[in-house]
Amino acid sequence: MTAHTESTKNPIVRFLNMNTSREVGGRELPLWRQILLQVLCLVIAAEVLFPIMYIVTLSFSSRETRPASLELIPTEISFAAYKQVIDRPTANPITFIELLRNSFLLSVGVGLAALMIAVLAAYAFSRFKFKLRSVLMVLVFVPLLMPAIGLSTPLYLLMNSFRIADCGGAIAISPFASCAVGLGKVMFNLRDSLLGVGIAMISTALPFAVWNLKGYLDTIPKELEEAAAIDGADPNQVFFQIVLPLALPQLAVTFFLGFIGHWQEFALPWLFLTQPESYTLSMTLYNMTGQYANSIPWNRFAAMAIIVALPVAITYIALQKQIVSGLTSGGVKG
Amino acid sequence: MKNKFNLLISLILISAFILTACGGGSGSTATGEVTFWHAYGTGSAEEVALTAILEQAKEDMPNVTINVLQVPFNDIYNKYRTDVASGGGPDMFIAPNDSLGDDARAGLLADITELANGKLGDYGALAVDGMSVEGKLYGIPESLKAVALWYNKDLVATPPATTDELKALMEAGTPVSLSYGCYHHYGFFGSFGGKVFDDSWKVVADQGGVADAMSYLNDLYQISVANGWPKNDGDGLAPFTEGNMAIITNGNWAMGDYRKALGDKLGVAPLPAGPGGAATPLLGVDGFYFNPNSTNLESALEVALYLTGKDAQTAMMNEAGHVPANTTVEVTDPLIQGLLDAFETAYVRPQVPQLGNYWSNFCGTDQVFEAGVPAADWVAEATTNANK
Amino acid sequence: MASTSMIERAKKKSDFRKTVTPYMYLVPAFLVMAVITFYPLIYQVVVSFTDFQTKDLLRGLASEKLNQVGVQNYVDILAGGLPVQNFDFFRVLTYNLWWAITNVALHVPAGIVIAVLLNTPGLWMKRIYRSLYILPVVIPPLVVATVWRNIFDEQYGAMNQFLTSAAMLFGSIDPVRIRWLEDFTPPIAWLLPNGPLTLAYYAMMIANFWLGWPFMTLVATGALQSIPKDLYEAASIDGASAYQQFMNITVPLLRPAMIPATIYGFTTSFNLFSFVFFMTGGGPARSTEILVTFAYDLVRNLRLYGAAAAFSVIVFFVALIIFLITNRLTKATENIVE
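Next up, the structure:
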């Protein structure tokens, strides 16, 4: 068909109909269609980048107030906001490095703990058939249906009941013992510590990790394990020496998914913590928005937002294929 | 010879007195750790001034370690209440006396009547009253706050003294940022002769000026909407400090920020008076409140007295625009004097539980401003609901 | 004889092992969950029958000031007896469902169309576009919500600034000052009869659209790449137009992957805390309030812990019903495909 019509078209039309598809033997993509599609893609890209450019531009501004007209490209590149955020992130006596360290500890700690406990349970649900299997599976997934904020009050009270107090001489560890008179001077309150927050965060992290890992483990073929069982290996050996190494990439993905979620979590730490030394980056970000709505220091907020978003962005972009397959396969198998 | 010797002894004694008086710090009895919370915005004039004062406190009170936590204003009450109720909390926190009555009745604040006995000679009676509930003292007053009218002298030479003048100014197109809201516009009720409560704390808003005030405010609100002017103090901060707004109504906590931006161009006046009399904004007292769970109350009290003492309050006044509750502070700033004058006719915020009836029923002002419910009907309905 | 009993004993031992092993693997998880998940869950249910408030925080359930109120909390929530303004449970529930459904109804088709667009053979810079389009998902929700609130700000918002520039192209002088997040009057008065939709809803729809379609595109791209190309070739030889190919090949083959994605998107939108909380705080007079933000309000601001517990239990049942329905739907469509 092309040969037939080519001779009748003038050079411009021929140019526009040039095949731009570099795929051999596939469908053709004439230039005009290519241009049209490129324009569409660029419009979509503009829509995606619009808020991102907005906040990037804000972060390079040296003023705390917003510009009166639309500015998507930075008119000035000033690192003042970044510098201020790193020097003195909040009015509280805590440095940026400490905030970073706390965020990191919390996210990694909760992610690892949840992962290690969950992989055992996920393996049991995935591989074994036992009487109470469906009942226990429902029991594990049911907490996912309850809003997390609903569980926060009992967790608050639970963590709060564990205190180490100085009763003017003797040490009392509640809930096992308490001071004879009053509450004593509280030296350690589990609720008011990163440890307590971490334990509370595991309560929602666990069901999600089990659900996710079970979906992954279901996709691993059972032949290797069956062969090992025939060879005489007991279930523990099969798990630790065969399944676990095989599942390592999926374990990593589950860990990173959890890490991303915990990195951004601010509601629970905000509820529990009152010591600035335990504050995390996401709490500080929330701290900046919580003040009188329009007196948010926008350039500093934007700078902090970008700093908090970077690890998440890098992790997600690097692992996007695995993350998506995990989320959707888990949903199908259920 | 004897006379010279006596003179020498006297001189030595006098210098000793002077030295110890100047030393100051060595006489402080505060020890241990004192934790206190505040809600000043990061980087605001108040927060900067407080940090400087605390630096000085390290020298003046060397035996005590002061830990400070900043909590955003919209969360400080919640955080304090939950923490104290569950057995923890800071030794003290500084905040307006918005909910002093409720917190005191809920047992979340320590009664310091005995502890502070005899130490409050420097504070005005109005301020101490603002910290008391049913005769018992619950806080050390720090400063007075109420809504006033701030103006940019370059854009409007004389501020509007009456409600009619204000309305005319707005209709003529002078950009005005009025703060609408049950707290911010309370002062206008007095301008129209309206009272919310009678002497027995029954709500009597439907008898008299409150409906007129709401109707007037509604007119102004529509002008604000039509011109796209800010309708609350938060939105108005940037335009006013950048010189785009001639007038803004706000509490004097923002004076530090306004003065930093406008300098000498800043002026202050009372909210405009009206047909019913002078404006009666709610007068609140900021103060330090103490935690009944605290194990270091005496030291906390010392720290609070220091932070509300003459030197600290002079700094807060000059840098952050606080109107000090401490009467020994010398007022030289005309703005502060202007505020003190404006506060003369203010309505002292009551600490009775019935005040909650006002907040619960009279804060849905959007019904009048946005949904178009006539002011008189809305006030009547709110009054009936409040008196149920 | 001796050997068989030894075998029997060995068999019994391994049988015992077999039955016990799965439970051994489950012990760590259930031990931990017993303390930090099940205990709080049961605690919540018990609290929901009391009037637990700040006064009881110190002693918890052992508090002397605690009163048992039976089902009063549940009745209050469902019948509007809570001491809060503008709260009607069924209006909030309907809005929440409507919010989730309309969002997904927008995101999934948009995601599929853009995925198909990106999948065009021979398109230049495909990889760059793909990496770019994933950006909305990687930014923390807190940041996204605050930025979008700023965009819809009346005076300084980028949206109004953008509209002002566009209006100026048509000769208008006055700046555009739409009050996206505060305006009371619903632009389409009859939409959602028991609780008309304010402008804030549309603003949040735009914001959530920005956030929502990239994920759908991601899933659709993965699924598209597994559709064999010869199907399209065969269809075009048979004379099918691009549209017919799309409807009869692409859509059915995308379904197995898009169904779980749709359900995931529905659940995410249903529980989308960040936008509602940071952009409107429940909206002008709670018109954009969803279940999770109201739960937060009950716990944090109103501190009515008993009512909050009852509310959580009610939301749990709502989520359960939705889960059962979506499960039924997934199984039904799986059967159709197979």
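Protein chains in written order, with my numbering: chain A, 16 to 349; chain B, 4 to 391; chain C, 8 to 345.
Even glycine gets a Cβ: it sits at the ideal position worked out from N, Cα and C.
Interface residues of chain A facing residue i [CB-CB closer than 7 angstroms]
i	result
residue 229(B)	Neighbours of residue 229(B) on chain A: none; closest Cβ ~20 angstroms, over 7 angstroms.
residue 298(B)	200
residue 212(C)	Within chain A, no residue comes near residue 212(C); the closest Cβ sits about 14 angstroms away, beyond 7 angstroms.
residue 72(B)	107, 289, 291
residue 327(C)	160
Residue of the options minimising C-alpha distance to residue i
i	options	result
residue 84(C)	244(C), 97(C), 65(C), 150(C)	97(C)
residue 240(B)	257(B), 231(B), 230(B)	257(B)
residue 55(C)	319(C), 330(C), 327(C), 165(C)	319(C)
residue 25(C)	142(A), 80(A), 100(A), 62(A)	142(A)
residue 132(A)	177(A), 228(A), 169(A), 119(A)	228(A)
residue 303(A)	110(A), 106(A), 210(A)	106(A)
residue 201(C)	297(C), 291(C), 101(C), 302(C)	101(C)
residue 32(B)	299(B), 382(B), 334(B)	299(B)
residue 293(C)	195(C), 165(C), 41(C), 92(C)	92(C)
residue 90(A)	97(A), 74(A), 100(A)	74(A)
residue 350(B)	373(B), 154(B), 196(B)	196(B)
residue 282(B)	213(B), 328(B), 330(B), 292(B)	213(B)
Residue i - partner residues in DSSP beta bridges
i	result
residue 153(B)	251(B), 271(B)
residue 285(B)	350(B)
residue 13(C)	None, per the DSSP bridge assignment.
residue 425(B)	The first residue shown for chain B is 4 and the last is 391, placing residue 425(B) beyond what the model contains.
residue 144(B)	290(B)
residue 99(B)	289(B)
residue 21(C)	For residue 21(C), which the question treats as bridged, DSSP gives no partner whatsoever.
residue 34(A)	45(A)
residue 68(B)	36(B)
residue 126(B)	329(B)
residue 135(B)	140(B)
8 angstroms Cβ cut-off: residues of chain C touching residue i
i	result
residue 334(A)	Residues of chain C passing the Cβ test: none, with the nearest at roughly 11 angstroms.
residue 385(B)	Correct list: empty, because the minimum Cβ distance to chain C is about 12 angstroms.
residue 245(B)	Correct list: empty, because the minimum Cβ distance to chain C is about 11 angstroms.
residue 238(B)	161, 162
residue 3(A)	With chain A running from 16 to 349 in the structure shown, residue 3(A) is simply not present.
Per-residue contacts from residue i into chain B (C-beta, under 9 angstroms)
i	result
residue 62(C)	88, 109, 110
residue 291(C)	369, 373
residue 80(A)	240, 241, 244, 245
residue 312(A)	44, 45, 46
Contacts of residue i in chain B (Cβ-Cβ under 8 angstroms)
i	result
residue 308(C)	81
residue 184(C)	231
Partners in chain C for residue i, counting only beta-carbon separations shorter than 9 angstroms
i	result
residue 84(B)	61, 64, 310
Chain-ordered neighbours of residue i on chain B, where CB pairs are closer than 7 angstroms
i	result
residue 302(A)	75
residue 191(C)	369, 373, 374
residue 92(C)	367
9 angstroms Cβ cut-off: residues of chain A touching residue i
i	result
residue 322(C)	160, 161, 162, 165
### Task
For the segment 138-191 of chain A, list the beta strand (DSSP E) runs that are entirely contained and at least 3 residues long, ordered along the chain.
Within the segment 138-191 of chain A, the complete beta strand (DSSP E) segments of 3 residues or longer fall at 178-182, 185-189, listed in chain order.
### Message
Please give the ranges of any alpha helix (DSSP H) in the segment 119-153 of chain C, keeping only runs that are unbroken, at least 4 residues long and fully inside the region.
### Response
Within the segment 119-153 of chain C, the complete alpha helix (DSSP H) runs of at least 4 residues are 133-140, 142-145.
### Query
Of the residues that make up the segment 301-312 of chain B, which ones have a beta carbon closer than 8 angstroms to any beta carbon in chain A?
Listed in sequence order: no entries.
### Message
Quick check for students: name the residue ranges of the alpha helix (DSSP H) that lie wholly in the segment 174-217 of chain C, counting only runs of 4 or more.
### Response
The segment 174-217 of chain C contains no whole alpha helix (DSSP H) run of 4 or more residues.
### Message
I'd like the ranges of any alpha helix (DSSP H) spanning at least 4 consecutive residues and lying wholly in the segment 245-286 of chain A.
### Response
Counting whole runs of 4 or more residues, the segment 245-286 of chain A contains the alpha helix (DSSP H) stretches 259-279.
### Message
Give the list of continuous alpha helix (DSSP H) stretches no shorter than 4 residues that lie fully inside the segment 37-109 of chain A.
### Response
Every alpha helix (DSSP H) stretch that sits fully inside the segment 37-109 of chain A and reaches 4 residues is listed by chain position as 46-74, 95-102.
#### Entry: chain A contacts made by the segment 45-66 of chain B, where a contact means CB separation under 7 angstroms
Correct list: 45, 46, 50.
### Task
Could you name the residues of the segment 113-137 of chain A whose beta carbon sits closer than 7 angstroms to any beta carbon of chain C, in the order they occur along the chain?
Cβ contacts with chain C come from 132, 133, 135, 136.
#### Entry: Runs of alpha helix (DSSP H) lying entirely within the segment 279-339 of chain B, each at least 4 residues, in chain order
For the segment 279-339 of chain B, whole alpha helix (DSSP H) runs of length 4 or above, ordered along the chain, are 300-310, 313-318.
### Interfacial residues, the segment 218-233 of chain A to chain B, with Cβ spacing under 8 angstroms
Within the segment 218-233 of chain A, no residue has a Cβ that lies closer than 8 angstroms to any Cβ of chain B.
### Query
Which residues, in order along the segment 88-104 of chain B, keep a beta-carbon less than 9 angstroms from a beta-carbon of chain A?
When CB distances to chain A are screened at a threshold of 9 angstroms, the residues of the segment 88-104 of chain B falling below it are 89, 90, 91, 92, 93, in chain order.
### Message
Along the segment 133-155 of chain C, where does the CB come closer than 7 angstroms to a CB of chain A? Name the residues.
### Response
When C-beta distances to chain A are compared with 7 angstroms, the residues of the segment 133-155 of chain C below that value are 136, 138, 139, 140, 141, 142, 143, 144, 145, 146, 147, 148, 149, 150, 153, 154, 155, in chain order.
#### Entry: Within the segment 36-78 of chain C, ranges of the alpha helix (DSSP H) (whole runs, at least 4 residues)
Those alpha helix (DSSP H) runs which fall completely within the segment 36-78 of chain C and span 4+ residues are 46-54.
### Query
Quick one: complete alpha helix (DSSP H) runs, 4+ long, within the segment 258-292 of chain C?
Along the segment 258-292 of chain C, the alpha helix (DSSP H) occurs as fully enclosed runs of 4 or more residues at 258-277, listed in sequence order.
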